[in-house]
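K.L.:
One structure follows; several queries about it will come next.
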Amino acid sequence: MQSSVNTNGSPPFPLSFTMSKRKQYYVEAILAAKRTTQKRLDPGSEPQELNVFAPIWEYKIKWAQYGDEHNSWEPVGNLYACKRLIGEFWDCVGEEAWLIEIEGFVIEAPEKWIKKQLIHFWQTTSLDEVIQQKKNPRKRGNTSSTTRTPISSTPLTPLQADSPRKSYRTKRQRTRESDSEDDVPIADLASTVKIHIPPGHARPARNSLVAD
32 MQSSVNTNGS PPFPLSFTMS KRKQYYVEAI LAAKRTTQKR LDPGSEPQEL
82 NVFAPIWEYK IKWAQYGDEH NSWEPVGNLY ACKRLIGEFW DCVGEEAWLI
132 EIEGFVIEAP EKWIKKQLIH FWQTTSLDEV IQQKKNPRKR GNTSSTTRTP
182 ISSTPLTPLQ ADSPRKSYRT KRQRTRESDS EDDVPIADLA STVKIHIPPG
232 HARPARNSLV AD
């Protein structure tokens, strides 16, 4: 997927481009999520259904063909084409974590899940396609003329993406195509899911998580 880069060709960091000028890059995987300053609910309102496009979380991104030193935190507004990937991230770490209201709270995906996402990306995206998009980041990746499932390799811009007002259906609401080891409850990921709690905040009542 894609975000912005500066003019000297260094790896992607968000800059202010109009939609027509937005530079786009492929996303290999989501590594972690961090709670923003945005409020999820108005006082006294009922809990909301998990919405992958709610601006209450931002995501740490692994960019295709860039080293780990260029991993970056991106607002969800830069990730409109990552609906599947964001939804599967919350499936993995536990959907209840989405409700946490601690600014700066970070939850990391398990290494095993990240590795599977990386493998999946390269099984469904050609190296040549990634290289060509990297060379010409204002070019929109062509996914309509191939039978390959684009997965996380479609553009970041809202074009041809679902409206951010649409909610991602949780595991309890949708029929799973198949059982997967990625779909295990968060209690079973206690040794691999890590959280980072900002100073001055109490640990959430989620004993299965491992503070780091």
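In terms of this note's numbering, the sequence shown is residues 32 to 243.
Beta carbons: idealized from backbone N, C-alpha and C, even for Gly.
1) Using a Cβ-Cβ cutoff of less than 6 Å, which residues in the same chain neighbour I61 once the five nearest sequence positions on both sides are dropped?
2) What are the start and end residues of each continuous beta strand (DSSP E) run of 3 or more residues lying completely inside the region 77–101, in chain order?
3) Please state if the CB of F136 and the CB of A95 are separated by a distance shorter than 8 Å.
4) Can T68 and E134 be called in contact, C-beta distance under 8 Å?
5) Answer yes or no: do K93 and N102 have a C-beta to C-beta separation smaller than 8 Å?
6) Would you mind working out which of E80, A85 and A112 sits nearest V58, comparing C-alpha positions?
7) Given a cut-off of 8 Å on the beta-carbon distance, is the pair Y56 and Q164 in contact?
8) Can you give me the Cβ contacts of I145 inside the same chain, cut-off strictly under 7 Å, excluding the 5 residues immediately before and after it?
9) Can you tell me which of the three DSSP states E59 falls into?
10) Is it buried or exposed for E105, if we count other Cβ within 10 angstroms and need 16 for buried?
P.N.:
From the atom records:
1) Y90, L116 and F120
2) 88–94
3) no
4) yes
5) yes
6) A112
7) yes
8) A60 and L62
9) strand
10) buried
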